[in-house]
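Worksheet: the structure to be examined is printed underneath.
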Ligand code: UDP
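Residue numbers (my numbering): 36 to 438.
Below you can see the structure in the form of structure tokens.
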């Protein structure tokens, strides 16, 4: 696993020096991250990298995962969809399951530490065990237009936190606690993002039975309706009328996402017998994801809603041309026609993909701009600095923050 010093070549020495200076002020503090899965999805991706770096910086960082049964995760998935604006019927029984599971976790988990850093709604109720330590709620979801009753339910808990963190300015909501805007990040030196030799990329395409004989359009995402995998197939079908190409839809599922297999079935049905559509049910394999992104001609992310969309940062870091929906945190990463193309419909996405396939020079330029945009804004080192500043601010007066 890379050490902080290894990042000097990517972001320069002063950036790393800054991190060490800030971290010195937090040396020995216990910071406990809590989320709902150790496998799959963007939050896990970030914690996997963030926690070891906090430790290297001398902070006593931990990561714990709440436990829950099938019913609990079915309810939290409904809550997730409802926060993203979908209409979900969440019954009193559902909320009862949520509260009961939260209480079981409160009884079992060690909630001591200087800062308890709670990620997303699943563990939000643990705040009931707050003592004199600091608690932060880190919301990774786009809550700009939540289903009202579910937001009200969460508002029983949010004001008890010392602060809330959102990924994009458009997600912030009127709250009686301090809010921080901190966007996620990728690790440029992880297996998911580091440079790979071309022959390794080809080997991975071979392994999955995807010939590199024509342009490849790829979306890598959990099989989740909000990622619109069926819409991706519609985009591909429209493009295919004019440009011969292949489609790769690759994804695993997260242990806290019970809908994955059902969505996968819908995707298989939509793909029919088209041999140029490759549906890859991937094991958690960072090098394979890296290679698939690198070997693709165009990366698509046709999400209907999106918290941030790490897959976009990952693709741009590889200087790939990206077509992605104008939702959630995606416009932070893609400035339309500068670092990628934004779309608002299947037709718009198909038009953008065709444009890129027909203009390789333009596609290359967008990818190069995208890589620099990610270097300047969405690498792990910037994210670490933001978190260190956030942690420090918690120990200062609520009115004036001296950093
Ligand atoms: N991912 C993966 N394998 C898969 C599907 C996704 O490793 O089969 C990774 C992807 O590369 C990214 C993360 O999971 O790092 C997904 O994060 P994102 O913010 O795009 O979406 P989320 O799943 O959190 O909604």
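The C-beta atom is built at its ideal place from N, Cα and C for all residues, glycine as well.
Exposed unless 16 or more other CB atoms sit within 10 angstroms - verdict on residue i
i: residue 232; result: exposed
i: residue 445; result: For residue 445 there is no data in the structure shown, the boundaries of the chain being 36 and 438.
i: residue 80; result: buried
i: residue 122; result: exposed
i: residue 187; result: exposed
i: residue 36; result: exposed
i: residue 292; result: buried
i: residue 253; result: buried
i: residue 48; result: exposed
i: residue 62; result: exposed
i: residue 373; result: exposed
i: residue 359; result: buried
i: residue 328; result: buried
i: residue 155; result: buried
i: residue 199; result: buried
i: residue 346; result: buried
i: residue 173; result: buried
i: residue 422; result: buried
i: residue 323; result: buried
i: residue 84; result: buried
i: residue 38; result: exposed
i: residue 493; result: Beyond the ends of the chain as shown, which are 36 and 438, falls residue 493; an answer cannot be given.
i: residue 318; result: exposed
i: residue 90; result: exposed
i: residue 396; result: exposed
i: residue 244; result: exposed
i: residue 426; result: buried
i: residue 284; result: buried
Residue i: CB within 6 Å of a non-hydrogen atom of ligand 1
i: residue 141; result: no
i: residue 294; result: no
i: residue 257; result: yes
i: residue 345; result: yes
i: residue 405; result: no
i: residue 317; result: yes
i: residue 287; result: yes
i: residue 18; result: Because residue 18 is not part of the residues shown, which for the chain are 36 to 438, the question remains open.
i: residue 324; result: yes
i: residue 304; result: no
i: residue 80; result: yes
Beta-carbon contacts of residue i that lie in its chain and below 6 Å, excluding the five residues immediately before and after
i: residue 409; result: 348, 351, 352
i: residue 43; result: 51
i: residue 92; result: 58
i: residue 146; result: 164
i: residue 113; result: 123, 125
i: residue 130; result: none
i: residue 213; result: 198
i: residue 376; result: 358, 387
Cβ neighbours of residue i in the same chain (closer than 7 Å, five flanking residues each side left out)
i: residue 437; result: Note that residue 437 has pLDDT 44, beneath the 50 cutoff, so the model's placement of it is unreliable and no number is given.
i: residue 195; result: 162, 165
i: residue 86; result: 68, 96, 98
i: residue 46; result: 414, 416
i: residue 102; result: 140
i: residue 119; result: 176, 177, 261, 340
i: residue 192; result: 159, 160, 162
i: residue 189; result: 156, 159
beta-carbon residue i near ligand 2 non-hydrogen atom, thresh 6 Å
i: residue 180; result: As presented, the structure is devoid of ligand 2, carrying ligand 1 as its sole ligands.
Own chain partners of residue i with C-beta closer than 8 Å, once the 5 adjacent residues on each side are dropped
i: residue 54; result: 39, 92, 416, 419, 420, 423
Mind the definition here: the stretch 337-355 touches the stretch 304-314 only if three or more C-beta pairs lie below 8 Å; say whether that holds.
-> Touching, no.
Is it a yes or a no for the stretch 205-218 touching the stretch 163-182, going by three-plus beta-carbon pairs under 8 Å?
-> In the pairwise beta carbon analysis, the stretch 205-218 is classified as touching the stretch 163-182: at least three pairs are separated by under 8 Å.
Evaluate contact between the stretch 231-246 and the stretch 354-369, counting only Cβ atoms and requiring at least three cross-stretch pairs below 8 Å.
-> Contact fails: fewer than three Cβ-Cβ distances are below 8 Å.
Do the stretch 104-111 and the stretch 119-137 meet, that is, are 3 or more Cβ pairs less than 8 Å apart?
-> With a cut-off of 8 Å, the stretch 119-137 and the stretch 104-111 count as touching, because enough Cβ pairs lie within range.
Counting pairs of Cβ atoms below 8 Å between the stretch 281-296 and the stretch 365-383, do you hit three or more?
-> Using a C-beta cut-off of 8 Å, the stretch 281-296 makes no contact with the stretch 365-383, since fewer than three inter-stretch Cβ pairs fall below that distance.
contact_flag[the stretch 254-272, the stretch 217-235] where n(CB pairs < 8 Å) is 3 or more | Counting Cβ pairs under 8 Å, fewer than three are found: no touch.
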